[in-house]
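Trainee:
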Amino acid sequence: MVLKLGINGRIGRLVMRAAMERDDVEVVAFNDPFIDAEYAAYMFKYDTIHGQYKGTVEGKEDGLYVDGKKIHCFTHMKADEIPWGSVGAEYVCESTGVFTEVDKASAHLKGGAKKVIISAPSKDAPMFVMGVNQEKYDPKSMNVVSNASCTTNCLAPLAKVVNDTFGIKEGLMTTVHATTATQKTVDGPSKKDWRGGRGAAANIIPSSTGAAKAVGVVLPTLNGKLTGMAFRVPTLNVSVVDLTVNLEKEASYDKLMDAFKAASEGPLKGILGFTTDQVVSSDFIHDSRSSIVDAKAGIQLSPTFVKLISWYDNEVSNDSRGLLPALSALRRPDITLASQPWGYSNRLVDLAIYVAKADKEAGV
Numbered sequence: 004m005v006l007k008l009g010i011n012g013r014i015g016r017l018v019m020r021a022a023m024e025r026d027d028v029e030v031v032a033f034n035d036p037f038i039d040a041e042y043a044a045y046m047f048k049y050d051t052i053h054g055q056y057k058g059t060v061e062g063k064e065d066g067l068y069v070d071g072k073k074i075h076c077f078t079h080m081k082a083d084e085i086p087w088g089s090v091g092a093e094y095v096c097e098s099t100g101v102f103t104e105v106d107k108a109s110a111h112l113k114g115g116a117k118k119v120i121i122s123a124p125s126k127d128a129p130m131f132v133m134g135v136n137q138e139k140y141d142p143k144s145m146n147v148v149s150n151a152s153c154t155t156n157c158l159a160p161l162a163k164v165v166n167d168t169f170g171i172k173e174g175l176m177t178t179v180h181a182t183t184a185t186q187k188t189v190d191g192p193s194k195k196d197w198r199g200g201r202g203a204a205a206n207i208i209p210s211s212t213g214a215a216k217a218v219g220v221v222l223p224t225l226n227g228k229l230t231g232m233a234f235r236v237p238t239l240n241v242s243v244v245d246l247t248v249n250l251e252k253e254a255s256y257d258k259l260m261d262a263f264k265a266a267s268e269g270p271l272k273g274i275l276g277f278t279t280d281q282v283v284s285s286d287f288i289h290d291s292r293s294s295i296v297d298a299k300a301g302i303q304l305s306p307t308f309v310k311l312i313s314w315y316d317n318e319v320s321n322d323s324r325g326l327l328p329a330l331s332a333l334r335r336p337d338i339t340l341a342s343q344p345w346g347y348s349n350r351l352v353d354l355a356i357y358v359a360k361a362d363k364e365a366g367v
């Protein structure tokens, strides 16, 4: 089967690139009220971090053409006015940062969409992380789902392997996070987060994140056992998770690394990575995996107290795997736009495919 996908919002350029590399997904339309097809073609073709798109891209009056295939362009402000059904887009990636709750995202269903995947954490939509809890998806009761955040997609596989193998009593997570689109080029006002208003290129900025708590949603056995924070740092791409945990069972550092290596080559292949190389952040630009364990960077204090390190591509123009938005953004000061990493974009595509296949098997 070929999934017919529609994309709504700014953050989905990389999701669209990820989709173009597969033969089981076809992007048939995107919606952006702020740009035309010509500008969309420019934004899709050129990317400061990931480079120029290798295929052909052309914007015309009747739509966007990528590798000779037409992608319909809509320019509606209201989600319920986007005619997804008219172009056969049964699944929609919602990534404006505006419609992150079930009621709001459900507006896409009025335009003919069958299911909606939100490219951000959600207060009330079921959240899924590929490789961790996607089997909990219920085709008959879930029309709107969330792909969580890029940091949760990095942390959850890491925590799952540790908890399944040795158990986690409690833990603290810190993500050292590349600059995102919400930050300021120079000092400016930021009422909700004063430190977040300081110049991104000149500061390391402490920040909040709900990624660790979200792991308790996708892995209920860890609910209340993890929390975390972030440091925003002046790099353009790639972030790293530091997970420090107290283990239920004693384990040597080598045993822990053996568990990660086995998972990366087995059930979590393509999602969890493992390396013993002397790597740095730029080595993971355009890495499609959600989480890459760095065996040489972690440390252990005792048989039950350990610090684990895992990298993830998290390109600054998106936050965060489903299928996401497209080529430009709602430029509103009251909306928080996350960053969408290359790995996250691939997981979003994976989630969309999983949902579509589950729907077909359930006859939905």
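Going letter by letter, the sequence shown gives residues 4 to 367 in my numbering. No residue lacks a Cβ here, since even glycine has one placed at the ideal position from N, Cα and C. All figures in this text were calculated on a predicted structure; none of them were measured in a lab.
(1) Bridge partners for ASP297 per DSSP, in chain order?
(2) Ordered along the chain, which non-local residues of its own chain (more than five positions away) have a Cβ less than 8 Å from that of LYS295?
(3) Can you check whether the CB of ASN349 is closer than 8 Å to the CB of SER284?
(4) Have a look at ARG25 and LYS252 and give me their C-alpha separation to the nearest angstrom.
(5) Look at the alpha carbon of VAL104 and the alpha carbon of ALA128, and state the distance between them as a whole number of angstroms.
(6) Nearest-angstrom Cα distance between LYS363 and PHE308?
(7) Going by DSSP, name the residue or residues bridged to ALA123.
(8) My output table needs one value for TRP314: the three-state DSSP class, helix, strand or coil.
(9) Along the chain, which unbroken stretches of the alpha helix (DSSP H) at least 4 residues long are found entirely within the stretch 141-209?
(10) Could you check the C-alpha separation between MET260 and GLY301 for me, to the nearest Å?
(11) Please work out which residues of its chain come closer than 7 Å, Cβ to Cβ, to GLY202, disregarding the five sequence neighbours upstream and downstream, and give them in chain order.
(12) Are the beta-carbon atoms of VAL147 and ALA108 separated by less than 8 Å?
(13) Have a look at ILE207 and PHE263 and give me their C-alpha separation to the nearest angstrom.
(14) Once DSSP output is grouped into helix, strand and coil, what is the label at VAL220?
(15) Using 10 angstroms around the beta-carbon of PRO336, count the other beta-carbons present and answer buried if the total reaches 16, otherwise exposed.
(16) Starting from the C-beta of LEU175, find all residues in its chain whose C-beta is less than 7 Å away, skip the five residues before and the five after it, and write them out in chain order.
(17) Output needed for THR339: all residues of its chain with C-beta closer than 7 Å, excluding positions within five of it in sequence on either side, in chain order.
(18) How is ILE10 classed by DSSP in three states: helix, strand or coil?
(19) For chain D, check one thing: does any of its Cβ atoms lie closer than 8 Å to the Cβ of ALA181?
(20) Could you work out which residue in ILE52, GLU29, GLU64 is closest to ALA44 when comparing CA atoms only?
(21) Using DSSP bridges, identify the partner residues of SER305.
(22) Report the start-end ranges of each alpha helix (DSSP H) in the stretch 37-109 that is 4 residues or longer and not cut off at the edges.
(23) Hey, could you find the ends of the alpha helix (DSSP H) ASN226 is sitting in?
(24) Excluding the 5 residues flanking GLY91 on each side, which residues of the same chain have their C-beta closer than 7 Å to its C-beta?
(25) Quick one: measure Cβ to Cβ for ASN166 and LEU222, integer angstroms, because I've assumed they're closer than 8 Å.
(26) Once the 5 residues before and after PHE169 are set aside, which same chain residues still bring their CB inside 6 Å of it?
(27) Quick one, are the C-beta atoms of CYS157 and VAL244 less than 8 Å apart?
(28) With burial defined as no fewer than 16 other Cβ atoms inside 10 Å of the residue's Cβ, what is the status of PRO192: buried or exposed?
(29) Helix or strand or just coil, what does DSSP make of GLU138?
(30) In or out: ASN226 buried (at least 16 other Cβ within 10 Å) or exposed?
(31) Use the C-beta contact count for PRO209: other C-beta atoms within 10 angstroms, 16 or more gives buried, fewer gives exposed.
(32) Name the two residues that bound the continuous alpha helix (DSSP H) containing PHE33.
(33) When we look at the beta-carbon of SER293 and count the other beta-carbons within 10 Å, is it buried (16 or more) or exposed?
(34) Give the secondary structure of VAL352 by DSSP, where H, G and I count as helix, E and B as strand, and everything else as coil.
(35) Just the C-alpha distance for VAL218 and VAL135, rounded to the nearest angstrom, thanks.
Mentor: For this structure:
(1) THR278
(2) A small fix is needed here, since residue 295 is Ile in this sequence, not Lys. Within the same chain, ILE295 has close Cβ partners LEU275, GLY276, PHE277, THR278, PHE287, SER313, TRP314, TYR315.
(3) no
(4) 42 Å
(5) The sequence given here has Glu at residue 104, not Val. Between GLU104 and ALA128, the C-alpha separation is close to 6 Å.
(6) 45 Å
(7) Note: ALA123 sits in no beta bridge, so no partner.
(8) strand
(9) 153-168
(10) 10 Å
(11) LYS187, THR188, VAL189, ASP190
(12) yes
(13) 30 Å
(14) helix
(15) Because PRO336 carries a pLDDT of 33, less than 50, the predicted location of this residue cannot be relied on, and no value is offered for it.
(16) THR230, GLY231, THR247
(17) With a pLDDT of 35 at THR339, under the threshold of 50, the modelled position of that residue is not reliable, and the figure given next carries that caveat. GLY100, THR185, listed in sequence order.
(18) strand
(19) Absent here is chain D; the protein component of the structure consists of one chain.
(20) GLU64
(21) PHE308
(22) 40-48, 105-108
(23) From DSSP, ASN226 is part of no alpha helix (DSSP H); its letter is neither H nor E.
(24) LYS7, VAL31
(25) 7 Å
(26) LEU250, LYS252, ALA254
(27) yes
(28) exposed
(29) helix
(30) exposed
(31) exposed
(32) First-last for PHE33: 28-34, but that is the beta strand (DSSP E), not the alpha helix (DSSP H).
(33) buried
(34) helix
(35) 10 Å
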